[in-house]
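Data first, discussion second: the structure below is written as structure tokens.
Number of protein chains: 4
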Amino acid sequence: MSYFKIKGVIPPMVTPFNKDDEVDYDKHIFNVKKWGEYDIAGYLVLGSNSETVYLTEEEKLNLIKLTVDNKPEGKLVMVGTGMESTKETIYLTNKAAELGADCALIITPHYYGEKMNDEALINYFTEVADKCLIPILIYNVTKYTHVNISPKAVSVLSKHPNIIGMKDSSGSIPQLVSYKGVVDMNEFNLMVGTAGIWYPALTLGVEGSVQALVNCCPGECVEIQKLYDNGQDQESRELYERMFPVNAAVTGKYGIAGLKYACDKLGLQGGLVRKPLLQVTEKEKEELDNILKVAGLI
Amino acid sequence: MSYFKIKGVIPPMVTPFNKDDEVDYDKHIFNVKKWGEYDIAGYLVLGSNSETVYLTEEEKLNLIKLTVDNKPEGKLVMVGTGMESTKETIYLTNKAAELGADCALIITPHYYGEKMNDEALINYFTEVADKCLIPILIYNVTKYTHVNISPKAVSVLSKHPNIIGMKDSSGSIPQLVSYKGVVDMNEFNLMVGTAGIWYPALTLGVEGSVQALVNCCPGECVEIQKLYDNGQDQESRELYERMFPVNAAVTGKYGIAGLKYACDKLGLQGGLVRKPLLQVTEKEKEELDNILKVAGLI
Amino acid sequence: MSYFKIKGVIPPMVTPFNKDDEVDYDKHIFNVKKWGEYDIAGYLVLGSNSETVYLTEEEKLNLIKLTVDNKPEGKLVMVGTGMESTKETIYLTNKAAELGADCALIITPHYYGEKMNDEALINYFTEVADKCLIPILIYNVTKYTHVNISPKAVSVLSKHPNIIGMKDSSGSIPQLVSYKGVVDMNEFNLMVGTAGIWYPALTLGVEGSVQALVNCCPGECVEIQKLYDNGQDQESRELYERMFPVNAAVTGKYGIAGLKYACDKLGLQGGLVRKPLLQVTEKEKEELDNILKVAGLI
Amino acid sequence: MSYFKIKGVIPPMVTPFNKDDEVDYDKHIFNVKKWGEYDIAGYLVLGSNSETVYLTEEEKLNLIKLTVDNKPEGKLVMVGTGMESTKETIYLTNKAAELGADCALIITPHYYGEKMNDEALINYFTEVADKCLIPILIYNVTKYTHVNISPKAVSVLSKHPNIIGMKDSSGSIPQLVSYKGVVDMNEFNLMVGTAGIWYPALTLGVEGSVQALVNCCPGECVEIQKLYDNGQDQESRELYERMFPVNAAVTGKYGIAGLKYACDKLGLQGGLVRKPLLQVTEKEKEELDNILKVAGLI
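Protein chains in written order, with this note's numbering: chain Y, 1 to 298; chain V, 299 to 596; chain D, 597 to 894; chain H, 895 to 1192.
Have a look at this one:
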């Protein structure tokens, strides 16, 4: 049995780029160390917020290695090594395993989304789990993939000894409860993938979360859970509600460029986005400043 | 000025895989030669029907080279070298150019689809066109990308000397007419990307088309246009309507696996699909046989 | 057998309202007479463009009666008497029949859209056709209903002796061809519901159409078909393409308020829209003026 | 100031029909009395689950009157009197007011959904609130209307003295939190419209809810809130999670016909649905029986 429990928040790390459109590894190292000062559960390298679809294999492996090498002991390194084909996913995940990754968050293949029915997804995740050297978690992120894995498929896959959880980024509480109803919460890490439902998810017994907001507000995301665990429901909820508009801004309207700008303002190193993504404009910076001010962050 | 006119149909070539999930290059060569016997305008390597998202860079370049080497003289080689990042698209397109590709069909980046607004897409295609050694065409395929480039952006991009056309696979005639209204049809190849609107598109003055159906029914797809050009509207339309259900089957319900099965039945070498796509079942084969029979193809 | 053939264009008549939000029947009568001067096939009272969902039963019946009373002989009166419930649809249709309506265009029920599957729609249209005193046509208008009747259901329903046709307003040519493939075109009026595909539909053998654009441009809509029937494909297509942006404006961006404004500018009596619809703004009027100018209409 | 607080659950009452497709008023009276035995906040007459779009004005008014006449004192009567046009909404709401309704739940107009922007909705609800004799609440039910009112519009409308709340049936917690962030919770009843998020909504401070499940499981829906208010979070959540699949069944897969069947099984009088809705099949009844059994309800 490879199951281990994941409790706490995890940043899906942004990848800082410089003006030449190259990865700025120094900024990445700075961020890894900075986040390490907070009581986070670990790191996600190569999540959607890392612009992983813009990275070469070499860049991906560099980022994983630098995370493993610069993190405090005891923190988890999760890697987003899901590719479109079964074989490439297995290849890249095992490369990451060799570099010291602890587990992999595998996105649902999605280019041929209409064909990714229960049977295709069950086959896919089963073969990947069978052949990967580290445990895997299912990554469901409808916003980007336009694929939504069914509770039925999750139920089947949750029984695989090398599939230890899933991250649902749909933001849907009814869907979360549907998943919860078909898995064994003692042997499966049902994680939410957005700060937009962090407090409600806690009240439903979810204990782990990968959320973009941890990039720029690690302390607040950790605190929401600590307060809740400590029985301070009211304080936890108030902090969640205060952070809510910030999360909506950096994951929705302003996207990754906005998230990186917030990182820059709040003590992390966001850097630039890679093309074809557009940088934040001056006007957007002002709007973001205002949102951060209202939330009491600056 | 790099513009040249593209008239006729082009197969977005399937990539045959064998039982070991590897590319079967011999079958690919067979297909290139077989299609070369028909009066097609050229070949599309690495289109959506090639399962290009499942191919490694090495496999992609091999397929391009083998197409260039085995095609009859005078036929165009178009390559689907669009990647998510601007720099990888330029890199791969120029690799293809070195191998002898004539032009590149560049898909709209789409993972961060909500951010691919007019400005982002205009920037992207402009930079790609500026830096690529061969002319490019815009590839709009909403079904897979969930991005739909606006007539406004197409209008701007159509004026770039190295952007010589676009393939719209939306299947929407109103959208096609909208694009037509904003480009100069004498200097821009407005192509349709599905046999589902081939005859209506011809009546609107479209002269080029990349369509999945050419893979298995090259003769019929060529003939529809010849009949139309020859003033035999009625015969052209009847052939189009007879092929319509076959096209719906191999691009919709049964997907690439169905398209490959139809290729196998009709004298081409479809081969298997790569995982995680599912192969056609025996039941689906029967249904497809029936559709091919009704259309008078077997 | 109640089948009769419908050839030509039909305006889905706008309902002019005055400043007190009341129906302006004088303007309606003016319009009926004005349209009667053109070679249209007939009239549609209570279509989507009539704001029928805002009309009381009394207003609906008045509009039908005034149309019957003021139209030239030989022109068809079609009525949009579909309601959500089976019994109300039958009731209202038979009221209209008593007033002299020739046939009814019955919209797919849609509030409980997810439940309107093939079985429900087949049951519905069958019972309505059985119990109505005049022939009916199916009205498929996805844009408003978010329901899309399947070719399979249309195939079944097309065999009912009292169902003499359908109007598809989806604007999708592939869908139109799918319907065409399953009905007997000699005994079923397959009509298109938008000027956006009028010319392509003609090339596919469609001969009847209800289109918003007929409201403000009856002459042009009639002429496109006459030119086509006369073998002047090129002229027909050019006129269609010239009208295309006008149609896009008055059915899409500017809606019914824009359509009514265009009517006012082009010799008909559009009048105001009923609340909660918003009137066109001065800025929108300028934009519309420009579109009408570019199309050579003013 | 007309504001009053609504705390507790409310059944959006089903309308029982008999085999002749007529309203069975006796069953309605039975239900009103039966629900009155539970600690519900009140009744919603003419909500989406009442098949209100299938009812005549006379039937609607009868149902309102019979509810007012047969309910226990102190329970609220809310009426779903929103129509498509501004004037009909005002007319019907004031008719209901005369019959003793306490407040009205006004659905967003939706047939011309694309035109129902912030300005149109703000104008609409403002005029309706101005002219209605009883307080109104906004009803947002995207599933049926395909319209989604923005937090910005809700913020503006929440300040109107005669708009005392809203029911959001989207089922989206992030959206609920967005609304909460822009209204004054002390003067605005932010209610959720589905049992699918009842417990999470309670943890966020929501205190009122109209939910289909109250029709068949009034005791359980009341109990979830009582347990929560009593500090028994764990018990409340467990009951919510146990009811969750029942709610999913009677609001999703099996629809109103399924909801009515569940009512019949659980001591209420569901009756039949009106055409064109389909009755539950024998197979569906078995599936529903099983769902009710698993939930411990039978």
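Backbone N, C-alpha and C fix where the C-beta goes; we use that ideal spot for every residue, glycine too.
Contact with chain V by residue i, beta-carbon distance below 8 angstroms
i                 : result
Ile887 of chain D : no
Glu84 of chain Y  : yes
Pro841 of chain D : yes
Thr799 of chain D : yes
Glu837 of chain D : yes
Ile702 of chain D : no
Pro796 of chain D : yes
Below-8 angstroms beta-carbon distance, residue i vs any chain H residue
i                 : result
Pro174 of chain Y : yes
Phe30 of chain Y  : no
Asn658 of chain D : no
Ala808 of chain D : no
Lys711 of chain D : yes
Gly100 of chain Y : no
Closer than 8 angstroms to chain D by CB, residue i
i                  : result
Gly463 of chain V  : no
Lys989 of chain H  : no
Val475 of chain V  : yes
Arg1131 of chain H : no
Gly491 of chain V  : no
Nearest candidate by alpha-carbon position, reference residue i, set the options
i                  : options                                   : result
Tyr1005 of chain H : H:Ile1016, H:Ile1032, H:Thr1039, H:Met972 : H:Thr1039
Lys429 of chain V  : V:Glu396, V:Lys581, V:Ala402, V:Ile388    : V:Ile388
Thr1097 of chain H : H:Gly1007, H:Gln1119, H:His1054           : H:Gln1119
Phe125 of chain Y  : Y:Lys60, Y:His160, Y:Leu133, Y:Asn18      : Y:His160
Lys776 of chain D  : D:Ile759, D:Ala797, D:Gly792              : D:Ala797
Asn645 of chain D  : D:Gly709, D:Tyr795, D:Arg870, D:Val779    : D:Arg870
Ile636 of chain D  : D:Asn843, D:Glu816, D:Gly827, D:Gly892    : D:Glu816
Lys491 of chain V  : V:Tyr341, V:Asp527, V:Glu539, V:Ala510    : Residue identity check: residue 491 of chain V is Gly in the sequence provided, not Lys. Here the closest residue by C-alpha is V:Ala510.
Leu44 of chain Y   : Y:Glu59, Y:Thr81, Y:Gly196                : Y:Thr81
Test: residue i CB closer than 8 angstroms to a CB of chain Y
i                  : result
Leu576 of chain V  : yes
Glu952 of chain H  : no
Glu417 of chain V  : yes
Lys317 of chain V  : no
Ile1118 of chain H : no
Ile1150 of chain H : no
Asn421 of chain V  : yes
For residue i, three-class secondary structure by DSSP
i                  : result
Gly267 of chain Y  : coil
Met1079 of chain H : coil
Ile64 of chain Y   : helix
Asn438 of chain V  : strand
Gly529 of chain V  : coil
Pro906 of chain H  : strand
Asp714 of chain D  : helix
Phe898 of chain H  : coil
Ile197 of chain Y  : helix
Closer than 7 angstroms: residue i CB and nearest the ligand HEM heavy atom
i                 : result
Arg274 of chain Y : Of ligands this structure carries none, so the ligand HEM is not represented either.
Segment contact, 8 angstroms Cβ cut-off, at least three pairs: the region 545-563 of chain V with the region 650-664 of chain D: no
Validate contact between the region 763-780 of chain D and the region 725-741 of chain D using beta carbons, cut 8 angstroms, 3 pairs: yes
Chain-ordered residues of the region 629-650 of chain D with a beta carbon less than 7 angstroms from chain H: Val649, Tyr650
The region 897-910 of chain H in contact with the region 860-875 of chain D per 3-pair CB rule at 8 angstroms: no
Contact the region 24-36 of chain Y vs the region 267-277 of chain Y: 3+ CB pairs below 8 angstroms: yes
Sufficient close CB pairs (3 or more, under 8 angstroms) joining the region 693-704 of chain D to the region 1130-1141 of chain H: no
Residues from the region 129-148 of chain Y in contact with chain V, defined by Cβ distance under 7 angstroms: Tyr144, His146
Residues of the region 898-913 of chain H whose Cβ lies closer than 8 angstroms to any Cβ of chain D, in chain order: none
Contact residues within the region 178-190 of chain Y, judged by C-beta distance below 8 angstroms to chain H: Ser178, Lys180, Gly181
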